[in-house]
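Chemist: Would you mind keeping the following structure in view while I ask a few things?
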């Protein structure tokens, strides 16, 4: 459970703003959305705790963002999809 730290470190290295987390509580658990570099990434399922939901959202964001070159992230190249939802 280190993706929150990995994502924060990646943002510092890329000189992006710190990740911004928004958690949502439901009767069955929690979900979370994290905003990174102008895009949003959401946990894929409802999880038992808020910490797990934040970690799941951070994992999705980190796994997408770690592969961006320094000039990518907001504008994909031709025939490529941008990751995450525009914020």
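In the UniProt record's numbering, the protein residues as written are 1 to 87.
Even for Gly, the Cβ is constructed at its ideal location relative to N, Cα and C.
Give the secondary structure of residue 30 by DSSP, where H, G and I count as helix, E and B as strand, and everything else as coil.
Modeler: Strand.
Chemist: Check whether the Cβ atoms of residue 24 and residue 62 sit closer than 8 Å, and answer yes or no.
Modeler: Not closer than 8 Å, so no.
Chemist: Going by C-alpha to C-alpha distance, which of 4, 21, 59, 26 sits closest to residue 34?
Modeler: Out of 4, 21, 59, 26, 21 has the C-alpha closest to the C-alpha of residue 34.
Chemist: Comparing alpha-carbon positions, which option in 36, 52, 31, 29 lies nearest residue 11?
Modeler: Checked all of 36, 52, 31, 29; the closest Cα to residue 11 is 36.
Chemist: In this structure, how does DSSP classify residue 36 when only helix, strand and coil are distinguished?
Modeler: The answer is strand: DSSP assigns residue 36 an E or B state.
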